[in-house]
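Read top to bottom, the protein sequences are chains A and B. If you're matching positions, the first sequence starts at 37 in our numbering and goes up one per residue. If you're matching positions, the second sequence starts at 28 in our numbering and goes up one per residue.
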Amino acid sequence: MLLEIKRQERYSRAELLLRSVFGFLYIAIPHGLALMFVGIAAGVLQFLAFWSILFTGRYPESWFEFQVKYIRWNLRVSASLFNLVDGYPKFGLNAHHDSIQFEIPYPESISRSSVLLRFFFGWLYVMLPHGFILMLLAYAVLFVNFIAFWAILFTAEYPESMFEFQVRYLRWSQRVSCYISYLTHEYPPFSGSSDQQVTTT
Amino acid sequence: MSDQASLYHPLPQPDEIPVRDREDAMGAYLMMFAAVAVALPLPVINLIAAVIYYYVNRRKSRFIHFHSLQSLLSQLPTTFLNWGLLYWGLQVWLFHNTETDDLFWGYVGMVVVANILYFVFSLIAAVRARKGRMYYFLFFGKLSYDMVFSVNRSFRYAGEDDLKTLQNKPPF
Numbered sequence: 037m038l039l040e041i042k043r044q045e046r047y048s049r050a051e052l053l054l055r056s057v058f059g060f061l062y063i064a065i066p067h068g069l070a071l072m073f074v075g076i077a078a079g080v081l082q083f084l085a086f087w088s089i090l091f092t093g094r095y096p097e098s099w100f101e102f103q104v105k106y107i108r109w110n111l112r113v114s115a116s117l118f119n120l121v122d123g124y125p126k127f128g129l130n131a132h133h134d135s136i137q138f139e140i141p142y143p144e145s146i147s148r149s150s151v152l153l154r155f156f157f158g159w160l161y162v163m164l165p166h167g168f169i170l171m172l173l174a175y176a177v178l179f180v181n182f183i184a185f186w187a188i189l190f191t192a193e194y195p196e197s198m199f200e201f202q203v204r205y206l207r208w209s210q211r212v213s214c215y216i217s218y219l220t221h222e223y224p225p226f227s228g229s230s231d232q233q234v235t236t237t
Numbered sequence: 028m029s030d031q032a033s034l035y036h037p038l039p040q041p042d043e044i045p046v047r048d049r050e051d052a053m054g055a056y057l058m059m060f061a062a063v064a065v066a067l068p069l070p071v072i073n074l075i076a077a078v079i080y081y082y083v084n085r086r087k088s089r090f091i092h093f094h095s096l097q098s099l100l101s102q103l104p105t106t107f108l109n110w111g112l113l114y115w116g117l118q119v120w121l122f123h124n125t126e127t128d129d130l131f132w133g134y135v136g137m138v139v140v141a142n143i144l145y146f147v148f149s150l151i152a153a154v155r156a157r158k159g160r161m162y163y164f165l166f167f168g169k170l171s172y173d174m175v176f177s178v179n180r181s182f183r184y185a186g187e188d189d190l191k192t193l194q195n196k197p198p199f
């Protein structure tokens, strides 16, 4: 899985203030409503994909693409609300943001036993350990987000280490989400490092 | 027979249909489980899912169009029957406006049988679609075939659109 967000050299202070004060009104609510309906469809397809994998050993390709597009839309909104990117996130499943890259290779075949294992025991060996750490990290993310807000306000730059921390959190949680929803068969590492960093260490 | 065949587009054969199209066709029949997926036992959920699935996928190919249309149309009778049972059941057990009688239990039996038949035939159709085969339901199969494969229906599919823009062009 590849998730990269490009750090801008300069951030708009006006946009930052607008997003922080009214972001819930003009970003979270409209996108949240649209994503809620798309999310229902994604949930239905995920449920049906489970059965499809169980009987055919394949995740239907167009359903897989739908899920990836849904995740991309979610990421656009999250990145915007986290102040990681400027600009209003685009609506729609086919929209793109130049600074956000998210790719998952389509698995031609998926192991049925692995899917069953995730279905019955996913909460135990995926959700519990990763969820616990991610929950603790979520507090740190909120704190870093608050500090970063002031840093951008005064310097118009997102401190690189803070930016990387936020992206790593998003990457980690996305890896867990993709694994538990059968989009990938690789068990998520206990880290938010990018794929290149994971393979070199 | 040949006159009849000329009124319809040729049927795609299993080896001509990509796996992706077969999976999309199969998915149309799986929409009957949508209510289970959202944990809302309302008869209309499956129908909404089937309608959305039909409109999203119908332009992909004739094969997908046929199966998603057949799946959608065949859901209508069971949906109406289930709504009838829900309404009648609420009148009996929740509002106490009427009591159970032989007619009510007869209706319950009919609805159960209709749902079981729908479930079984939809699963067979899903398996056949996954194999790239056609499968015709009683009445709805012929109707869907006529609506999708008839040469009189001018419906453009994704690949055909590309072909049209590449080949014949207007003189201006």
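Beta carbons are placed, not taken as given, at the ideal position from N, Cα and C, and that holds for glycine. None of these values were measured; they are calculated from a predicted model.
Can you check whether the C-beta of P141 of chain A is within less than 7 angstroms of a C-beta belonging to chain B? So no, P141 of chain A is outside the interface.
Is it right to say A66 of chain B is buried, meaning 16 or more other beta carbons lie within 10 angstroms of its own, or is it exposed? When all chains shown are included, A66 of chain B counts as exposed.
Taking 6 angstroms as the line, does the beta carbon of V154 of chain B fall inside it for any heavy atom of the ligand ADP? The ligand ADP is not part of the structure shown, which contains no ligands of any sort.
Spatial distance of A174 of chain A from Y205 of chain A (CA atoms): For A174 of chain A and Y205 of chain A, the distance between alpha carbons rounds to 8 angstroms.
Taking all protein chains shown into account, decide if N84 of chain B is buried (16 or more other Cβ within 10 angstroms of its Cβ) or exposed. Its Cβ being crowded by 16 or more others within 10 Å, N84 of chain B is buried.
Taking DSSP as the reference, what is the three-state secondary structure of I107 of chain A? Helix at I107 of chain A.
What does A185 of chain B reach in chain A if we use C-beta pairs closer than 7 angstroms? What A185 of chain B touches in chain A: nothing, since even the nearest Cβ is about 12 angstroms away.
Distance, Cα to Cα, L34 of chain B vs L103 of chain B? Taking C-alpha positions only, L34 of chain B is separated from L103 of chain B by approximately 28 angstroms.
Closest by C-alpha distance to L152 of chain A, when choosing among A:F86, A:R112, A:L61: When each option's Cα is compared against that of L152 of chain A, the closest is A:F86.
Can you pull the chain B neighbours of F155 of chain A, defined as C-beta to C-beta under 8 angstroms? Result: empty, since nearest Cβ-Cβ is about 14 angstroms, beyond 8 angstroms.
Using 8 angstroms as the Cβ pair cut-off and three pairs as the minimum, do the stretch 121-138 of chain A and the stretch 91-102 of chain B touch? As far as the Cβ criterion goes, the stretch 121-138 of chain A does not touch the stretch 91-102 of chain B, which means the pair count is below three.
Determine the chain A residues that contact A47 of chain B at a beta-carbon separation under 9 angstroms, and present them in chain order. A small fix is needed here, since residue 47 of chain B is Arg in this sequence, not Ala. Within 9 angstroms Cβ-Cβ: P96, E97, S98.
Per-residue burial, L52 of chain A [other beta carbons within 10 Å of its own, 16 or more giving buried]: The residue is buried, with at least 16 neighbouring Cβ atoms inside 10 Å.
Counted within 10 angstroms of its Cβ, other Cβ atoms place D173 of chain B as buried (16 or more) or exposed: Exposed, since its Cβ has fewer than 16 Cβ neighbours within 10 Å.
Backbone CA spacing between Y80 of chain B and F131 of chain B [nearest angstrom]: When rounded, the distance between both Cα atoms is 34 angstroms.
Helix, strand or coil: how does DSSP classify E40 of chain A here? Here E40 of chain A sits in strand by DSSP.
May I ask you to list, following chain order, the residues of the stretch 153-169 of chain B that have a beta carbon less than 7 angstroms from some beta carbon of chain A? Hits within the stretch, in order: R157.
Which listed residue (A:A50, A:Q44, A:H133, A:W159) has its alpha carbon closest to that of S217 of chain A: The residue among A:A50, A:Q44, A:H133, A:W159 with its C-alpha nearest the C-alpha of S217 of chain A is A:W159.
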